[in-house]
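**Q**
Number of protein chains: 2
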Amino acid sequence: MSEFAGGTGDTDLEGELHVMGNLKIDADRLWGDLMETAAIGGTAKGGIRRLALSEEDRRVRDWFRTRCEALGCSVTVDGMGNMFAVRPGQDPELEPIAIGSHLDTQPTGGKFDGVLGVLAGLEILRTLEATEFRTRHPLVLVNWTNEEGARFSPAMLGSGVHAGKFDAAYAYGREDADGISVETALDAIGYRGGEPVGSMRFAAMFELHIEQGPILEDEERLIGIVEGVQGMRWFDVVVEGRESHAGSTPMETRRDALVVAADLIGRVTAIATAAGGKGTVGHLEVEPNSRNVVPGTVRMSVDLRHEDDAQLDAMTAALEQQIARLGEGPVSLSLTEIWRNPVVPFDADCVSAVAAAAEASGYPSRRLYSGAGHDAANVAAVAPTAMIFIPCREGLSHNEAESCTLEECAAGAQTLLDAVLIYDRRIEGAQPA
Amino acid sequence: MSEFAGGTGDTDLEGELHVMGNLKIDADRLWGDLMETAAIGGTAKGGIRRLALSEEDRRVRDWFRTRCEALGCSVTVDGMGNMFAVRPGQDPELEPIAIGSHLDTQPTGGKFDGVLGVLAGLEILRTLEATEFRTRHPLVLVNWTNEEGARFSPAMLGSGVHAGKFDAAYAYGREDADGISVETALDAIGYRGGEPVGSMRFAAMFELHIEQGPILEDEERLIGIVEGVQGMRWFDVVVEGRESHAGSTPMETRRDALVVAADLIGRVTAIATAAGGKGTVGHLEVEPNSRNVVPGTVRMSVDLRHEDDAQLDAMTAALEQQIARLGEGPVSLSLTEIWRNPVVPFDADCVSAVAAAAEASGYPSRRLYSGAGHDAANVAAVAPTAMIFIPCREGLSHNEAESCTLEECAAGAQTLLDAVLIYDRRIEGAQPA
Numbered sequence: 001m002s003e004f005a006g007g008t009g010d011t012d013l014e015g016e017l018h019v020m021g022n023l024k025i026d027a028d029r030l031w032g033d034l035m036e037t038a039a040i041g042g043t044a045k046g047g048i049r050r051l052a053l054s055e056e057d058r059r060v061r062d063w064f065r066t067r068c069e070a071l072g073c074s075v076t077v078d079g080m081g082n083m084f085a086v087r088p089g090q091d092p093e094l095e096p097i098a099i100g101s102h103l104d105t106q107p108t109g110g111k112f113d114g115v116l117g118v119l120a121g122l123e124i125l126r127t128l129e130a131t132e133f134r135t136r137h138p139l140v141l142v143n144w145t146n147e148e149g150a151r152f153s154p155a156m157l158g159s160g161v162h163a164g165k166f167d168a169a170y171a172y173g174r175e176d177a178d179g180i181s182v183e184t185a186l187d188a189i190g191y192r193g194g195e196p197v198g199s200m201r202f203a204a205m206f207e208l209h210i211e212q213g214p215i216l217e218d219e220e221r222l223i224g225i226v227e228g229v230q231g232m233r234w235f236d237v238v239v240e241g242r243e244s245h246a247g248s249t250p251m252e253t254r255r256d257a258l259v260v261a262a263d264l265i266g267r268v269t270a271i272a273t274a275a276g277g278k279g280t281v282g283h284l285e286v287e288p289n290s291r292n293v294v295p296g297t298v299r300m301s302v303d304l305r306h307e308d309d310a311q312l313d314a315m316t317a318a319l320e321q322q323i324a325r326l327g328e329g330p331v332s333l334s335l336t337e338i339w340r341n342p343v344v345p346f347d348a349d350c351v352s353a354v355a356a357a358a359e360a361s362g363y364p365s366r367r368l369y370s371g372a373g374h375d376a377a378n379v380a381a382v383a384p385t386a387m388i389f390i391p392c393r394e395g396l397s398h399n400e401a402e403s404c405t406l407e408e409c410a411a412g413a414q415t416l417l418d419a420v421l422i423y424d425r426r427i428e429g430a431q432p433a
Numbered sequence: 434m435s436e437f438a439g440g441t442g443d444t445d446l447e448g449e450l451h452v453m454g455n456l457k458i459d460a461d462r463l464w465g466d467l468m469e470t471a472a473i474g475g476t477a478k479g480g481i482r483r484l485a486l487s488e489e490d491r492r493v494r495d496w497f498r499t500r501c502e503a504l505g506c507s508v509t510v511d512g513m514g515n516m517f518a519v520r521p522g523q524d525p526e527l528e529p530i531a532i533g534s535h536l537d538t539q540p541t542g543g544k545f546d547g548v549l550g551v552l553a554g555l556e557i558l559r560t561l562e563a564t565e566f567r568t569r570h571p572l573v574l575v576n577w578t579n580e581e582g583a584r585f586s587p588a589m590l591g592s593g594v595h596a597g598k599f600d601a602a603y604a605y606g607r608e609d610a611d612g613i614s615v616e617t618a619l620d621a622i623g624y625r626g627g628e629p630v631g632s633m634r635f636a637a638m639f640e641l642h643i644e645q646g647p648i649l650e651d652e653e654r655l656i657g658i659v660e661g662v663q664g665m666r667w668f669d670v671v672v673e674g675r676e677s678h679a680g681s682t683p684m685e686t687r688r689d690a691l692v693v694a695a696d697l698i699g700r701v702t703a704i705a706t707a708a709g710g711k712g713t714v715g716h717l718e719v720e721p722n723s724r725n726v727v728p729g730t731v732r733m734s735v736d737l738r739h740e741d742d743a744q745l746d747a748m749t750a751a752l753e754q755q756i757a758r759l760g761e762g763p764v765s766l767s768l769t770e771i772w773r774n775p776v777v778p779f780d781a782d783c784v785s786a787v788a789a790a791a792e793a794s795g796y797p798s799r800r801l802y803s804g805a806g807h808d809a810a811n812v813a814a815v816a817p818t819a820m821i822f823i824p825c826r827e828g829l830s831h832n833e834a835e836s837c838t839l840e841e842c843a844a845g846a847q848t849l850l851d852a853v854l855i856y857d858r859r860i861e862g863a864q865p866a
């Protein structure tokens, strides 16, 4: 177990700043890596198509391995293809502090989602190597397999098996649209490694990522201190009315599934707004979906999120109540919860290290919760974890137009480095099990 | 021009009843024809697939021609494939009274939509032939080409060219999904006839059809006296918001196209209900339509109908106003009218003949407007016209489960016969032009 190394005199911010003063990441070098790897699977519109375990993924993995080994790191690969580049610390008895994210992208993904978290880690290793600075803990830079879930569902598969959330056999059996399994795809690109999945234990993990939302940009903050990941519940709703002729069915005898679905959409918005959470109907299908036919059936999704599981319970209850109320009319409704993820609070010490790091550089920052899932949310189950967000233009992500500035990427990488250094000095290392 | 032959003493209901007393259609014979022809293109689920100008359409046309000729009728076909079976009247100077509908169906159509109107006409010809009754006017039983518009768009094509609504060249050029034109398809089944389209002029036309709505069934009426066809306007609405992440976009900064579309759906319902008309959003597409993405774009249809064009103008204005109001928010909306059909009022004398016929048999009836388009709505532009509706189960139509009883079909056919007889005696014939 880890705890604050209180009263040693070197854990105050001034001492930390002294150490950190000499360690400045090279923004241009980081930007150069981002642009260089963006060409691996680069699209005409300036995005990246680098699906998990594809030939493009193999190429970026090879690039990553070569760069890490050039810095003197030993690179190991586990059975899920997760890659670990280890830089020794002063104390070989300590578990490593992990940094990293993922190098795979959406089919029409951007240049920053995931990639930034890995390449900022590489930049940190370079900075440490250039100044010959050695941390107390070893450091490990991680590239997690299939975070996006775009080729193989579900998302965050590599970190999920690492954290014991998914069984390895389940993960190996997942297939892409062409029926190719994860296992086959790992072998095809030569990235099924020999290390047992989950055998690499972390003293902590820090993940830098773009926000994928508009909050930081809207408030002109450079750094998001991520306190956790919102709880999330996914529902399927089926509204069953009666298909009938738009010309000959009087308004008062209709059983219009879409009119009721529309009413529900308004109620979902009201529930989320009242609770200070989020509620979204993102998917909706109408049957028969013909201009002159009163809709007989609507199938729709409801996505509810909140930073507090009790509030999420209350939102769920309110949704059930509205569904029951609407079902008293001439149309029937069914509600099925298909998935839920509880709130994942990040580790207080890790979050505190991120906050201190942002403060040290004077970056305008705010605390927030992640609305999206991340590898860090899986890792949080097995190690103290936190995340750092930087803004991205208009919150746009999973899109070739995804955009961040060099300055934002640099601020994120610097905060990541400083958070690791602060944590490295503050925390008494855990002994290997 | 035609007018009531007032003061001749034989136009009162009693005199009409005397004539009609001997002329009773044979319900079983009619039902037999319905079931026999339902086998031509019959589906496993009890419906009919008999697309316009298909091989199945050729077979039912051949069947129809043979039956009509067996009754001594001369069958002619015009250039659009519209079929006319003429039974001479007492006065060869008079234009014929037309009865009929269409024998084509939807891809998964029912056994009654259109077919009933033609086969009830055939049953009427048989009844007249069996009793050797001769009307003053010639009668003409019509099978209109491509009423459904399922294979070739638009619908009501044959009657549309007949009435001068569509140009023949336009109609010939319409293509099905395989690129086969109407002209080619007519030739392929040997039903491009030699008669100039529109050359057959009518003293009047009566069309029997299933209601395709629930009003008659709900009110337990056997006969609908159709006073006209509702006016109809079709609009396309595009709602443009901003696609964003469902987890990381706060409710207050969203530009959710579906939330606004849902609001509009409620307003369309309110507009229609307040005006005593009909308003339907039957088609709606969400982009990107992904569970965890706030919808960026919604494309939807709006269908407005009313029996009064002035009310339809007011409904349109209200829709424009609501679109403008919603467009003041963070999402933009556009409204495009893509099609309109004005109200088609049927001929007062023809409607009166239908009402007298229903009363003569003591059938419970009500006056109503047709919500759907029909060949009669086209013919109304060139001849006095009315329609007769019978109930169908739950208003279901364009569906293999479309259903009517033998008694309902018989009541419709009897009313059709009696309306023709009443009109034949009441009206001074128009002279051919």
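One line per chain: the protein sequences are A and B, in this order.
Using the working numbering, you'd call the opening residue of the first sequence number 1 and step up by one each time.
Using the working numbering, you'd call the opening residue of the second sequence number 434 and step up by one each time.
For glycine and all other residues, C-beta sits at the position ideal for the given N, C-alpha and C.
1) Given a cut-off of 8 angstroms on the beta-carbon distance, is the pair glycine 89 of chain A and threonine 135 of chain A in contact?
2) Taking 8 angstroms as the cut-off, decide whether the C-beta atoms of isoleucine 223 of chain A and isoleucine 97 of chain A are in contact.
3) Determine whether the Cβ of serine 836 of chain B lies closer than 8 angstroms to any Cβ atom of chain A.
4) Quick one: what's got a C-beta closer than 6 angstroms to isoleucine 473 of chain B's C-beta in the same chain, skipping five residues either side?
5) Kindly indicate the opening and closing residues of the beta strand (DSSP E) around methionine 665 of chain B.
6) Taking 6 angstroms as the limit between beta carbons, can you name the residues of its chain near asparagine 292 of chain A, skipping five residues before and five after?
7) Let's see if you can read the secondary structure: which residues bound the beta strand (DSSP E) around glutamate 770 of chain B?
8) Quick test of your reading: aspartate 347 of chain A and alanine 386 of chain A, contact by CB under 8 angstroms. State the CB separation rounded to the nearest angstrom.
9) Can you look up leucine 850 of chain B in the DSSP assignment and give me helix, strand or coil?
10) Name the chain A residues that come within less than 8 angstroms of lysine 711 of chain B, Cβ to Cβ?
11) Do the segment 605-618 of chain B and the segment 577-588 of chain B touch if we need at least three Cβ pairs shorter than 8 angstroms?
12) Kindly list the residues whose CB is nearer than 8 angstroms to the CB of alanine 703 of chain B, restricted to its own chain and excluding five residues on each side of it in sequence; keep chain order.
13) Given that arginine 291 of chain A touches chain B, what residues does it touch there, using C-beta distances under 7 angstroms?
14) Would the beta-carbon of glutamate 833 of chain B fall within 8 angstroms of that of threonine 541 of chain B?
15) Rounded to a whole number of angstroms, what is the C-alpha to C-alpha distance between isoleucine 323 of chain A and valine 237 of chain A?
16) Taking buried to mean at least 16 other C-beta atoms within 10 Å of its own C-beta, is leucine 717 of chain B buried or exposed?
17) Please classify glutamine 645 of chain B as buried or exposed, where buried requires at least 16 neighbouring CB atoms within 10 angstroms.
18) Applying a beta-carbon distance threshold of less than 7 angstroms, which residues of chain A neighbour leucine 691 of chain B?
19) At a CB-CB cut-off below 8 angstroms, which residues of chain D make contact with valine 294 of chain A?
20) What three-state label does DSSP hand alanine 358 of chain A in the structure shown?
21) Kindly provide the ranges of any alpha helix (DSSP H) runs that are 4 or more residues long and lie completely inside the segment 297-335 of chain A, ordered along the chain.
22) Report yes if the C-beta distance between valine 551 of chain B and phenylalanine 497 of chain B is below 8 angstroms; otherwise report no.
23) Suppose you measure from the CA of glutamate 720 of chain B to the CA of glutamate 402 of chain A; what does that come to, to the nearest Å?
24) Please check the pair histidine 137 of chain A and alanine 185 of chain A, which I expect to be a contact at CB under 8 angstroms, by giving their CB distance rounded to whole angstroms.
25) Going by C-alpha to C-alpha distance, which of B/Gly512, B/Gly505, B/Leu649 sits closest to serine 518 of chain B?
26) Tell me whether alanine 637 of chain B sits in a helix, a strand or coil according to DSSP, three-state version.
27) What number of angstroms, rounded off, separates the C-alpha of glycine 631 of chain B from the C-alpha of aspartate 857 of chain B?
28) Closer than 8 angstroms by beta-carbon distance: list the chain B residues that pair up with serine 397 of chain A, in chain order.
29) Methionine 733 of chain B: buried (16+ other C-beta within 10 angstroms of its C-beta) or exposed?
30) Is alanine 52 of chain A helix, strand or coil by DSSP?
31) Say whether chain A places a C-beta atom closer than 8 angstroms to the C-beta of alanine 695 of chain B.
32) Using a Cβ-Cβ cut-off of 6 angstroms (strictly less than) and excluding sequence neighbours within five positions of arginine 826 of chain B, which residues of its own chain qualify?
33) Decide if tyrosine 191 of chain A is buried, meaning its Cβ has at least 16 other Cβ atoms within 10 Å, or exposed.
34) Use the C-beta contact count for proline 92 of chain A: other C-beta atoms within 10 angstroms, 16 or more gives buried, fewer gives exposed.
35) Cβ atoms of alanine 52 of chain A and aspartate 113 of chain A: under 8 angstroms apart, would you say?
36) Alpha carbons only, please: which of B/Ala751, B/Ala810, B/Ala621 is nearest the one belonging to valine 662 of chain B?
**A** Based on what the coordinates show:
1) Here the question's residue 89 of chain A lines up with position 89 in the first sequence. Here the question's residue 135 of chain A lines up with position 135 in the first sequence. In contact: glycine 89 of chain A and threonine 135 of chain A (Cβ atoms closer than 8 angstroms).
2) In the first sequence, the residue the question calls residue 223 of chain A occupies position 223. In the first sequence, the residue the question calls residue 97 of chain A occupies position 97. No, the Cβ-Cβ distance between isoleucine 223 of chain A and isoleucine 97 of chain A is not below 8 angstroms.
3) Locating residue 836 of chain B in the second sequence gives position 403, counting from the first residue. No, its Cβ sits nowhere closer than 8 angstroms to a Cβ of chain A.
4) Residue numbering aside, residue 473 of chain B sits at position 40 when the second sequence is read from its first letter. Result list for isoleucine 473 of chain B: Glu489, Arg492, Val493, in chain order.
5) Walking along the second sequence from the start, residue 665 of chain B turns up at place 232. Run containing methionine 665 of chain B: 664-673, per the beta strand (DSSP E) assignment.
6) Start at 1 with the first residue of the first sequence, and residue 292 of chain A comes out as number 292. So the qualifying residues of the chain are Ala246.
7) Translated into positions along the second sequence, residue 770 of chain B becomes position 337. Element bounds for glutamate 770 of chain B: 765-774.
8) Walking along the first sequence from the start, residue 347 of chain A turns up at place 347. Walking along the first sequence from the start, residue 386 of chain A turns up at place 386. Indeed they touch by this definition, with Cβ atoms about 6 angstroms apart.
9) For this step, residue 850 of chain B is matched to residue 417 along the second sequence. Correct three-state label for leucine 850 of chain B: helix.
10) Working through the second sequence from its first residue, we reach residue 711 of chain B at position 278. Correct list: Ala246, Gly247, Thr249, Pro250, Met251.
11) yes
12) Taking the second sequence and counting its residues from 1, the one referred to as residue 703 of chain B is at position 270. Cβ neighbours of alanine 703 of chain B beyond the five flanking positions: none.
13) The residue labelled residue 291 of chain A in the question sits at position 291 within the first sequence. Result: Trp667, Gly715, His716, Ser734, Asp736.
14) Position 400 of the second sequence, counted from the start, is the residue given in the question as residue 833 of chain B. Position 108 of the second sequence, counted from the start, is the residue given in the question as residue 541 of chain B. Yes, they are a contact pair.
15) Counted from its first residue, the first sequence places residue 323 of chain A at position 323. Counted from its first residue, the first sequence places residue 237 of chain A at position 237. If you take the alpha carbons of isoleucine 323 of chain A and valine 237 of chain A, they lie about 9 angstroms apart.
16) Here residue 717 of chain B is taken as the residue at index 284 of the second sequence, counted from 1. By the 10 Å Cβ count, leucine 717 of chain B comes out buried.
17) Sequence index remark: in the second sequence, residue 645 of chain B carries index 212 (1-based). Looking at its Cβ environment, which holds 16 or more other Cβ atoms inside 10 Å, glutamine 645 of chain B is buried.
18) Along the second sequence, read from residue 1 onward, the residue named residue 691 of chain B stands at position 258. Within chain A, the residues near leucine 691 of chain B are Ile265, Val281, Leu284.
19) No chain D is part of this structure, whose protein chains are labelled A and B.
20) By 1-based counting over the first sequence, the position of residue 358 of chain A is 358. Three-state result, alanine 358 of chain A: helix.
21) 309-326
22) The residue you call residue 551 of chain B lines up with position 118 of the second sequence. The residue you call residue 497 of chain B lines up with position 64 of the second sequence. Yes. Within cutoff.
23) Translated into positions along the second sequence, residue 720 of chain B becomes position 287. Translated into positions along the first sequence, residue 402 of chain A becomes position 402. Cα-Cα distance, rounded: 18 angstroms.
24) By one-based count along the first sequence, residue 137 of chain A stands at place 137. By one-based count along the first sequence, residue 185 of chain A stands at place 185. About 33 angstroms separates the two Cβ atoms, so there is no contact after all.
25) Residue 518 of chain B sits at position 85 when you count from the first residue of the second sequence. In the sequence under discussion, the amino acid at residue 518 of chain B is alanine, which differs from the serine named in the question. Ranking B/Gly512, B/Gly505, B/Leu649 by Cα distance to alanine 518 of chain B puts B/Gly505 first.
26) For the purposes of this step, residue 637 of chain B is taken as residue 204 along the second sequence, with counting starting at 1. In the structure shown, alanine 637 of chain B sits in a strand (DSSP, three-state: E or B).
27) Here residue 631 of chain B corresponds to residue number 198 of the second sequence, with the count starting at 1. Here residue 857 of chain B corresponds to residue number 424 of the second sequence, with the count starting at 1. Rounded to the nearest angstrom, the two C-alpha atoms are 22 angstroms apart.
28) In the first sequence, residue 397 of chain A corresponds to position 397, counting from 1. Result: His678.
29) On the second sequence, residue 733 of chain B is found 300 positions in, with the first residue counted as 1. Classification of methionine 733 of chain B: buried, given that the 10 Å Cβ count is 16 or more.
30) The count along the first sequence starts at 1 and reaches residue 52 of chain A at position 52. Three-state DSSP puts alanine 52 of chain A in coil, outside helix and strand.
31) Residue numbering aside, residue 695 of chain B sits at position 262 when the second sequence is read from its first letter. By this cut-off, alanine 695 of chain B is an interface position.
32) Here residue 826 of chain B refers to the residue found at position 393 of the second sequence. Hits under 6 angstroms: Ser836.
33) Numbered from 1 along the first sequence, position 191 holds the residue referred to as residue 191 of chain A. Burial call: buried.
34) For this step, residue 92 of chain A is matched to residue 92 along the first sequence. Exposed, by the Cβ-count rule.
35) For the purposes of this step, residue 113 of chain A is taken as residue 113 along the first sequence, with counting starting at 1. For the purposes of this step, residue 52 of chain A is taken as residue 52 along the first sequence, with counting starting at 1. No, they are not a contact pair.
36) Looking up residue 662 of chain B in the second sequence gives position 229. Nearest option by C-alpha distance: B/Ala810.
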